[in-house]
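Some notes on the structure that comes next.
Chains as they are written, first to last, in this note's numbering: chain A, 1 to 250; chain B, 1001 to 1250; chain C, 2001 to 2250.
Now the structure itself:
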């Protein structure tokens, strides 16, 4: 059996973040919680999410692989109000996942399961020379700035600065987070630099994988030269990790 | 002659509710107020509205049939601000209806009359086994839930419950209003059940005829098995009635 | 050299107002401030803006002609937040204008200069029989009313009234600002009439040139019979002037 209860707001955040990059996923359920990971269709980005049983109000789970059409689940979850109680409940016999929203009215959706087998994908254990922690709002704004001039951007760590840089045929854009400057907002919350490095990424992917963040969420960004960027953040106890391959400049 | 004054907000609501289903209508005006009824172009739904003279600040009306392009009237009415005074005034000679908004500025529209003759349609006097009163907001949300899985829905009354149900090829949706459960919000304000019954309707029509309701409006819904559904509500003293034919399942 | 600092909000307003009608412009910079004027591509409207050095927090300017793609500049300026500090700074060597937004983060754009030579256009010195001052919000609403019935409108001054009038095949619209009526809001702030007159204009242009006004901005409108209309307004010390040729009715 599998049955879990939580608040709608948190589950919505986790599902939205995951579904921006992948279309279907296999929830690997067991007594400890829900895990899932998947690559985007073009195998450039990897998404991994972990919802330990502690984030649920009630949780009971045997071992199950629950294959889900994320697009359909996202639309259903979007129908829930933030303060409604959300109940997930596997109907093994009918091969369906029931999603129930409970307030003074009971609204129940049944969603057919997909034949998605568990991927056993793991986020590779890479050693990164640099990492920074940054508020998601400021990072997303820098991506929007870069979007005005080109469709790829360069993330640089150099001389006490984290720089988001983009250059088009005519114009260019640059956002500088300077670790040496007093920053009351703690926009750049952490800055750990091993060696100067830079990598270039597809902007659309970076936008997709940060689309569901809230402005105050802290993103932990791991960076090296011509290495995949790793971006981690937490949503009320659930953990999201994204890995994006660099664009190798010819 | 015909000349009537009211506040823009209320008239806007009545016109919007009516114009969601029909394109043209004949306002039957007399000393008691304005009445109109029309069928939608495919003859599946009937709309009827009644604005008694008491809802107007000033009202003077001889007997007139005023044929109106509802789409044009709706756009004009949309230009009025809620707290402006609205004056309707028939220019028999020029065959136009003048619509004037008055605040510190005077804005006057003249709209050409259509050759729509009075339909003398009446809402048929059907005996219904069941009726419920429900807040429009909750009903509209249930329609949106249903929309995720199919384009028609089933309204059921059974065992102290009013159920809105939809089933697609893969997924299904169900909203249950349970008369037996304490409901502080009075979402289900009344529940009068004669016999268990169910009918299926085109979802797009139900959405159209509830599109202009406010969340707190009370809809009175009359329901039987394979019978048209009748939905009534009031807007500041004006009465709106909708009748929608059931979808006969093959 | 040219370097100027101001708040983002004001500069955004001036650039938006200018860029609604023209695509490129030459900023004529000198020690007194920035001036620019341009005609729209179809030579029906003339736009002129003046930002004296007093509107800037800091200002230093030698004589320069700075040709700008207004569409690109508008998009960049749109990325600034209202309360950020904006720094304009000419890089003569690289032939670029740098636009920097400064808050706790520094965001810098470089925009390539265009080869737009100074136009030396002047707003012609026409004597107008009438002028009115009117709140932009009320004027824009009247344009929207007119838009429902036709794509051109007539501005009339007659008998203590300023009238915005439009007539379509079926319907018509008329907004009357009556100088004789007490108007607590001072919507019609001034009314100076020399002789009754009327001119007809393309509605889309009038909408474009008032698109960036705020509801409370005072527009000074100069009007005669079959003459261009001149519309002036101020944005925090900067001056905007628009001239629009009349539509000669055949």
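The beta-carbon is built from N, C-alpha and C at its ideal position, and this holds for glycine as well.
Proximity below 7 Å, CB of residue i to CB of residue j
i	j	result
residue 2028 of chain C	residue 2173 of chain C	no
residue 121 of chain A	residue 8 of chain A	no
residue 155 of chain A	residue 223 of chain A	yes
residue 1104 of chain B	residue 2125 of chain C	no
residue 320 of chain A	residue 241 of chain A	Outside the displayed span of chain A (1 to 250) sits residue 320 of chain A, for which this structure offers no information.
residue 2021 of chain C	residue 2036 of chain C	no
residue 157 of chain A	residue 221 of chain A	no
residue 2055 of chain C	residue 2238 of chain C	yes
Chain-ordered chain A contacts of residue i [CB-CB under 9 Å]
i	result
residue 1144 of chain B	79
residue 1155 of chain B	Simply none; closest approach about 15 Å.
Three-way DSSP call (helix, strand, coil) for residue i in this model
i	result
residue 139 of chain A	helix
residue 159 of chain A	coil
residue 957 of chain B	Because chain B spans 1001 through 1250 in this model, residue 957 of chain B falls outside it and cannot be assessed.
residue 1146 of chain B	helix
residue 1070 of chain B	helix
residue 205 of chain A	helix
residue 2081 of chain C	coil
residue 16 of chain A	helix
residue 195 of chain A	coil
residue 2108 of chain C	strand
residue 93 of chain A	coil
residue 2200 of chain C	strand
residue 1248 of chain B	coil
residue 2054 of chain C	helix
residue 1213 of chain B	coil
Chain B contact residues for residue i, given Cβ-Cβ distances below 8 Å
i	result
residue 8 of chain A	Ordered by position in chain B, no residue passes the 8 Å Cβ test against residue 8 of chain A, which lies about 14 Å from the chain.
residue 2187 of chain C	1104, 1105
residue 2138 of chain C	1105
residue 288 of chain A	Because chain A is modelled from 1 through 250, residue 288 of chain A falls outside the range shown and cannot be assessed.
For residue i: DSSP bridge partner residues
i	result
residue 133 of chain A	A:190, A:220
residue 49 of chain A	A:36, A:240
residue 2011 of chain C	Paired residues: none, contrary to the question.
residue 2165 of chain C	C:2154, C:2174
residue 2114 of chain C	C:2067
residue 1004 of chain B	B:1059, B:1088
residue 231 of chain A	A:221, A:242
residue 1075 of chain B	Looking at the DSSP assignment, residue 1075 of chain B forms no beta bridge with any residue, so it has no partner.
residue 2100 of chain C	C:2087, C:2108
residue 1028 of chain B	B:1035, B:1065
Cross-chain neighbours of residue i in chain A, by beta carbon under 7 Å
i	result
residue 1177 of chain B	105
Status (buried if at least 16 other CB within 10 Å, exposed otherwise) for residue i
i	result
residue 82 of chain A	exposed
residue 2050 of chain C	buried
residue 2141 of chain C	buried
residue 1208 of chain B	buried
residue 1015 of chain B	buried
residue 2099 of chain C	buried
residue 2204 of chain C	exposed
residue 1068 of chain B	buried
residue 230 of chain A	buried
residue 42 of chain A	exposed
residue 2094 of chain C	exposed
residue 47 of chain A	buried
residue 1160 of chain B	exposed
residue 116 of chain A	buried
residue 2092 of chain C	exposed
residue 62 of chain A	exposed
residue 1145 of chain B	buried
residue 2214 of chain C	exposed
residue 1078 of chain B	exposed
residue 1038 of chain B	buried
Neighbouring residues, chain B, relative to residue i (Cβ below 7 Å)
i	result
residue 110 of chain A	1171, 1172
residue 75 of chain A	1148
Within chain B, partners of residue i - CB distance below 9 Å
i	result
residue 2151 of chain C	Near residue 2151 of chain C there are no residues of chain B at all, since even the closest Cβ is about 15 Å away, more than 9 Å.
Closer than 9 Å at the beta carbon, the chain C residues around residue i
i	result
residue 160 of chain A	Under the 9 Å cutoff, chain C gives no residues; its nearest Cβ is about 13 Å from residue 160 of chain A.
residue 183 of chain A	2104, 2105
Chain-ordered neighbours of residue i on chain F, where CB pairs are closer than 7 Å
i	result
residue 1072 of chain B	Annotation note: the requested chain F is absent from the structure, which comprises protein chains A, B and C.
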